[in-house]
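Here's the structure, in structure tokens; my notes come after.
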Amino acid sequence: MVPFTALLTGIAGIPLIFASPVATGEAVESLSMLDTTLTARAAPQWISGPWYNFPATDTWLTFDQLFELNKNSMVSTGNTRDDVDRIYVAIRDAATLGVDERVILAIIMQESHGNVGVITTTSPGGLPTAGIMQCSGCQGFPGTHGLSQDQITAMVRDGTQHYKQNLINWGDKWTVETIYPALREYNSGSVNPDNLSDGRGATASYVSDIAQRLQGWTD
């Protein structure tokens, strides 16, 4: 999935598979992504346990605040300023599928740092995971920047549709008891509800990292 090492272990999974790319070793310090290299960093705090251990939604920043905080990171991947502006429009559009736009943005930043030209990776199950949200069956444009609005919107909608199915599996509510387990499922395909940092072969810190992104952590 993403240029994060912590995010680079994947899953074989359920009919909808949301996999991180295969990495060698227990940790990788950086992943070269065609014309850009991003250094892996973990969020400052390790959060584990059931959903109620994770930050409440009233601690999250607004979408516009979060987007502004992450603009420089998105540009650093090789994106044009137009790419970044189009990501904003695409997220607003995809949110109409019934997913909080802040969660969409946080997934994008966790998976690809918003790199519209991110590489397509392969899950341990042999399925390609592509696009800005790095999910199976999604289209991608590896090594390409300066994409059209339609191309970027298609990638974001693809990934959001996958995550929406995870939300449905957990009750389809905009509450932490649904959002966080759905994030775990997006990354690992299965969920230990007693510990959302049990990666089950995928990225253990995935939910913990995204929770802190929603509060304003950037890397």
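Per this note's numbering, the sequence shown runs over residues 1 to 219.
Note that the Cβ used here is the ideal one computed from N, Cα and C, for glycine as well.
On the three-state DSSP scale, how would you describe T80? coil
Distance CB(H162)-CB(S136) smaller than 9 Å: yes
Looking only at C-alpha atoms, which of F63, V207, D64 and H145 sits nearest to T234? Here the chain has residues from 1 to 219 only, and residue 234 is not among them.
With 16 as the cutoff for other CB atoms within 10 Å, does E111 come out buried or exposed? buried
Since D194 and P50 should fall inside the 8 Å C-beta cutoff, what is the C-beta to C-beta distance between them, to a whole number of angstroms? 6 Å
When DSSP labels each residue in this structure, what does P128 get in the three-state scheme? strand
Would you say the region 204 to 218 touches the region 115 to 123, given that touching needs at least three Cβ pairs under 8 Å? no
Strictly by DSSP, which residues pair up with T122? Beta-bridge analysis with DSSP links T122 to P128.
Over what stretch of residues does the alpha helix (DSSP H) that includes A211 continue unbroken? Counting along the chain, A211 sits inside the alpha helix (DSSP H) bounded by residues Y206 to R213.
Which same chain residues end up closer than 6 Å to I104 when comparing Cβ atoms and leaving out the 5 residues on each side of it in sequence? I91, A94 and T160
Relative to the C-alpha of L97, which candidate in N187, S123, A154 and S208 has its C-alpha closest? Taking each of N187, S123, A154 and S208 in turn and checking the Cα distance to L97, the smallest one comes out for A154.
Given this structure, state the Cα-to-Cα distance separating R213 from W46, to the nearest angstrom. Those two C-alpha atoms are separated by around 13 Å.
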